[in-house]
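Asker: Quick one: this structure, given as structure tokens, is what I'll be asking you about.
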Amino acid sequence: MAKADNIFNIRGRLGDFIFCQRNGKTYVKRYSGGFTKAATQNHPNIKVGQERFAQVSRYVKSLKQQLQPYLWRQKDGTFHNQLMALFLQIAKNETEKTFNELIHELDSYSSLSNKSLNKNSKIDPSTLLYDAKTNKLNLGIIPYELAVKYKDMYLEVATGWYGVDGEDILLSKPNIQYIKLDKQTKNEDVIVDITPAEESQTQLPFVALAVVYTDDKGSESPHLVHTVMACFVKMRNI
-8 MAKADNIFNI RGRLGDFIFC QRNGKTYVKR YSGGFTKAAT QNHPNIKVGQ ERFAQVSRYV
52 KSLKQQLQPY LWRQKDGTFH NQLMALFLQI AKNETEKTFN ELIHELDSYS SLSNKSLNKN
112 SKIDPSTLLY DAKTNKLNLG IIPYELAVKY KDMYLEVATG WYGVDGEDIL LSKPNIQYIK
172 LDKQTKNEDV IVDITPAEES QTQLPFVALA VVYTDDKGSE SPHLVHTVMA CFVKMRNI
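The letter at position 205 of the sequence shown is residue 196 when you use this note's numbering, and the numbering goes up by one with no holes.
Right under this line is the structure:
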């Protein structure tokens, strides 16, 4: 960059030169061009990023619709953004494949296993474990932990299967069971049955948990954000 010794305080571009001020002195360099708005928008990397974002957005919209029978109590206004962040991260980690290809592969969901899709939930799903041989779900210490705070209430357990068929996301109708939160012990395994999966291209066990006042679907939850949760479940013997 050249220094201009003159009495003029010129800043910005003038013809083929760029003028700028540093410490009270004027410097000049030749304009080397740059991205115009049109060039930026048409850049191949920008196009790929825009299409990837659009694919994730379409997926999240469809997933939210499928989640309604499981998470209809969810009243967290940030839930959409949470889902977008989760699946954009998956897309970012696997750039050699399209997002639509990724959602058909079981391995793509490994980072989401036993991770609450609604991150503001206070229910920790880390101890959930599905046994493919027995077709049963072990709830681990979740009932015990909840019984400490919500004694004599009920844990609503909605289980089902997540699948992808072509471009369609499919969540089976939830099988709903209730467990009274009263006498669970720390070392006790609480196990529930899961309806066998139907054949499909992609199948993952899925569970939604909610603390409710009574053992029926119409019952309310004591907190519409903290006491509801849904997640993909870690599988044993798959």
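Backbone N, C-alpha and C fix where the C-beta goes; we use that ideal spot for every residue, glycine too.
Using 8 Å as the cut-off, can you tell me whether the segment 186 to 195 makes contact with the segment 95 to 104, which would need three or more C-beta pairs spanning the two stretches below that distance?
Answerer: As far as the Cβ criterion goes, the segment 186 to 195 touches the segment 95 to 104, which means the pair count is three or higher.
Asker: Count the other C-beta atoms from every protein chain shown that fall within 10 angstroms of the C-beta of E87, then say buried if there are 16 or more, exposed otherwise.
Answerer: One-based indexing of the sequence shown puts residue 87 at position 96. Exposed, because fewer than 16 other Cβ atoms sit within 10 Å of the Cβ of E87.
Asker: In the DSSP assignment, the alpha helix (DSSP H) including M220 goes from what residue to what residue?
Answerer: Position 229 of the sequence shown, counted from the first residue, corresponds to residue 220. Note, M220: premise wrong, no alpha helix (DSSP H); beta strand (DSSP E) at 219 to 223.
Asker: Is Y81 helix, strand or coil by DSSP?
Answerer: As a working note, residue 81 is residue 90 in the sequence shown. The question names Tyr, yet the displayed sequence has Ile at residue 81. The answer is helix: DSSP assigns I81 an H, G or I state.
Asker: What is the C-beta distance between D115 and R227, in whole angstroms, given that I count them as a contact (C-beta under 8 Å)?
Answerer: Looking up residue 115 in the sequence shown gives position 124. Looking up residue 227 in the sequence shown gives position 236. About 19 Å separates the two Cβ atoms, so there is no contact after all.
Asker: What's the gap between the Cα of S210 and the Cα of K38?
Answerer: One-based indexing of the sequence shown puts residue 210 at position 219. One-based indexing of the sequence shown puts residue 38 at position 47. Near 47 Å, if we compare the C-alpha coordinates of K38 and S210.
Asker: Given a threshold of 16 other Cβ atoms within 10 Å of its Cβ, counted over all protein chains shown, does T125 qualify as buried or as exposed?
Answerer: Looking up residue 125 in the sequence shown gives position 134. With fewer than 16 other Cβ atoms within 10 Å, it is exposed.
Asker: Contact between the segment 200 to 220 and the segment 152 to 164: three or more CB pairs below 8 Å?
Answerer: Because the criterion of three Cβ pairs below 8 Å is not met, the segment 200 to 220 and the segment 152 to 164 do not touch.
Asker: For I160 and T69, I'd like the C-alpha separation in whole angstroms.
Answerer: Taking the sequence shown and counting its residues from 1, one reaches residue 160 at position 169. Taking the sequence shown and counting its residues from 1, one reaches residue 69 at position 78. Approximately 22 Å, taken between the alpha carbons.
Asker: Does the beta-carbon of K225 have 16 or more other beta-carbons within 10 angstroms, so that it is buried, or is it exposed?
Answerer: Within the sequence shown, numbered from 1, the residue matching residue 225 stands at position 234. Buried, by the Cβ-count rule.
Asker: Count the other CB atoms, across all protein chains shown, that sit within 10 Å of the CB of P187; report buried if there are 16 or more and exposed otherwise.
Answerer: Counting from one through the sequence shown, the residue named residue 187 turns up at place 196. It is exposed - the Cβ of P187 has fewer than 16 other Cβ atoms within 10 Å.
Asker: Could you tell me the alpha carbon to alpha carbon distance between G6 and N72, rounded to whole angstroms?
Answerer: For the purposes of this step, residue 6 is taken as the residue at position 15 of the sequence shown. For the purposes of this step, residue 72 is taken as the residue at position 81 of the sequence shown. Rounded to the nearest angstrom, the two C-alpha atoms are 46 Å apart.
Asker: When the Cβ atoms of the segment 99 to 119 are set against those of the segment 164 to 179, are three or more pairs found closer than 8 Å?
Answerer: These segments do not touch.
Asker: Could you have a look at L5 and say whether DSSP puts it in helix, strand or coil?
Answerer: As a position in the sequence shown, residue 5 is number 14, starting the count at 1. L5: strand per DSSP, three-state reduction.
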